[in-house]
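Residue numbers for the sequence shown follow my numbering, so the first one is 1 and each next one is one higher.
Beta carbons are placed, not taken as given, at the ideal position from N, Cα and C, and that holds for glycine.
No experiment lies behind these values; they were computed from the predicted model shown.
A short write-up of the structure that comes next.
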Amino acid sequence: MKRMLSGIKPTGQLTLGNYIGALRNFVKYQDEYEMYVFIANLHCITEYQEPLQLSKNLTDAIALYLACGLDPKKSTIFLQTDVKAHAELGYIMACNTYLGELNRMTQFKDKTAKNEKNLTAGLYTYPCLMAADILLYNADYVPVGDDQKQHVELTRDIAQRFNNKYGKTFKVPEPLIAKVGARIMSLSDPSKKMSKSDETNKGCIYLLDDLKVARKKIMSAVTDSVGIIQLDKENQPGLYNLIEIASSLTDRSMNDIVDEFAGQGYGKLKTYVADVVCAELEKIQNKYHDIINTHLLDEIMSEGAKKANLIAEQTLKNVENKIGLKIKY
Ligand code: AQP
1 MKRMLSGIKP TGQLTLGNYI GALRNFVKYQ DEYEMYVFIA NLHCITEYQE PLQLSKNLTD
61 AIALYLACGL DPKKSTIFLQ TDVKAHAELG YIMACNTYLG ELNRMTQFKD KTAKNEKNLT
121 AGLYTYPCLM AADILLYNAD YVPVGDDQKQ HVELTRDIAQ RFNNKYGKTF KVPEPLIAKV
181 GARIMSLSDP SKKMSKSDET NKGCIYLLDD LKVARKKIMS AVTDSVGIIQ LDKENQPGLY
241 NLIEIASSLT DRSMNDIVDE FAGQGYGKLK TYVADVVCAE LEKIQNKYHD IINTHLLDEI
301 MSEGAKKANL IAEQTLKNVE NKIGLKIKY
């Protein structure tokens with residue numbers, strides 16, 4: 001069975017973008033692949049997080065993983081800091097990454113271009129940690145949204161470089177990007193990705209949003225003045241995004257949805273999208289409330305950490321030997 005690895009960093013509440021672009025696919029993949037899914041808590045702290053809030057977001061994220069359908073019998077679910085090898089291999093990866101490569105990473109480039117102050121060294125080097133996250137598990141595939149492809153490409157470059165220098169050590173992973181839903185856009189500004197750190201809070205649907213709030217966000221989603229229901233991503237990006245959201249959640253094709261609503265007003269289509277989204281959120285939220293205050297989370301995380309450590313420690317030991325870090329007595 002091929003192995004797959006992915007993670008989400010809960011810097012805030014998980015979003016519909018996380019669900020469509022990542023979580024929902026993990027649930028499908030867990031039947032076909034040996035799935036490792038982690039909560040990327042170290043990646044959360046490249047920027048300051050209020051500690052109590054961060055801890056709550058981590059707990060919510062685990063409960064949401066389960067509520068969205070990840071099954072601990074099929075998938076290994078764990079917290080990144082429960083596997084200490086991530087941090088050590090992250091440092092080793094940083095020593096095998098060139099500054100030029102990190103300078104080209106979009107997130108750092110965007111933030112420096114905006115002249116943001118007090119950027120941390122962690123924000124600069126996190127792609128090295130991400131490479132370690134993936135390579136520790138010898139993953140064949142990494143399912144990611146469109147925006148994360150660059151990270152998997154860097155991971156591949158680092159792995160190949162390391163293998164060339166020290167002999168075959170790492171499996172070189174492939175990114176896996178879904179055809180629909182790989183980049184869900186903000187409802188208030190469809191030129192931007194739907195992100196949990198959405199400043200206005202209007203463009204992003206959170207998985208734990210009150211259903212009325214979620215419906216309102218969809219009904220007031222920015223569209224256009226063209227007034228025709230069709231697929232024109234360039235000129236009608238907001239409309240395209242709404243259709244893509246509905247298509248991802250129903251497994252109906254985007255054309256099928258366009259055919260149903262062609263000739264009708266945007267309001268009808270928005271109501272349909274809101275119905276689809278709210279039905280999905282309701283299912284997830286019901287399961288979340290069943291799980292959140294139980295001991296299940298602790299049990300699953302400790303079991304997951306045990307399984308993940310078994311593989312990660314072995315990989316790290318091999319790496320330490322290859323680069324000569326071990327003393328032979
Ligand atoms: N809008 C999105 N559409 C499709 N996929 C998305 N993903 C995130 N947003 C969308 C996918 O979810 C996985 C986990 O991402 P993440 O939460 O770890 O990091 P991110 O992509 O940086 O998410 P945010 O919400 O944009 O975080 P902030 O606001 O903190 O920067 C990834 O596979 C990602 O592609």
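Three-state class that DSSP yields for Phe108 in the structure shown: helix
Is Ile184 near Lys149, with beta carbons less than 8 Å apart? no
With a Cβ-Cβ cutoff of 8 Å, do Leu187 and Ala221 count as a contact? yes
For the alpha helix (DSSP H) containing Glu303, name the first residue and the last one. 296-323
Go ahead and pull the three-state DSSP assignment for Arg183. coil
Throw me the rounded Cβ distance for the Leu316 and Leu136 pair, which I believe falls under 8 Å. 7 Å
Answer yes or no: do Leu89 and Pro127 have a C-beta to C-beta separation smaller than 8 Å? no
Can you check whether the CB of Asp140 is closer than 8 Å to the CB of Lys74? no
Say yes only if the C-beta of Thr11 is nearer than 7 Å to one or more non-hydrogen atoms of the ligand AQP, and no if none qualify. yes
Contact between the segment 5-12 and the segment 194-206 is defined here as three or more beta-carbon pairs at a separation below 8 Å; is this criterion met? yes
My understanding is that Gly122 touches Ile62, with C-beta atoms under 8 Å, so please give their C-beta distance in whole angstroms. 23 Å between Cβ atoms; not a contact.
Which residue marks the beginning of the alpha helix (DSSP H) containing Val142, and which one marks its end? Premise fails: Val142 lies in the beta strand (DSSP E), 141-143, not in any alpha helix (DSSP H).
Backbone CA spacing between Gly181 and Lys114 [nearest angstrom]: 28 Å
Quick check for students: name the residue ranges of the beta strand (DSSP E) that lie wholly in the segment 197-254, counting only runs of 3 or more. none
For a test of your reading of the model: does the CB of Ser247 fall under 7 Å from any non-hydrogen atom of the ligand AQP? Yes or no. no
Buried or exposed for Val83, please, with buried defined as at least 16 other CB atoms from any protein chain shown within 10 angstroms of its CB. buried
Just the Cα atoms here: how many angstroms apart are Lys322 and Ile8? 30 Å
For the putative contact between Leu207 and Tyr19, defined by C-beta atoms under 8 Å, what is the C-beta separation to the nearest angstrom? 6 Å
Sorry if obvious, but does the Cβ on Gly145 come closer than 7 Å to a heavy atom of the ligand AQP? yes
Determine, for Tyr48, whether the minimum Cβ-Cβ distance to residues of chain C falls below 8 Å. No chain C appears in the structure shown, which is made up of a single protein chain.
Could you tell me the alpha carbon to alpha carbon distance between Ala22 and Lys328, rounded to whole angstroms? 43 Å
DSSP state of Phe261 mapped onto helix, strand, coil: helix
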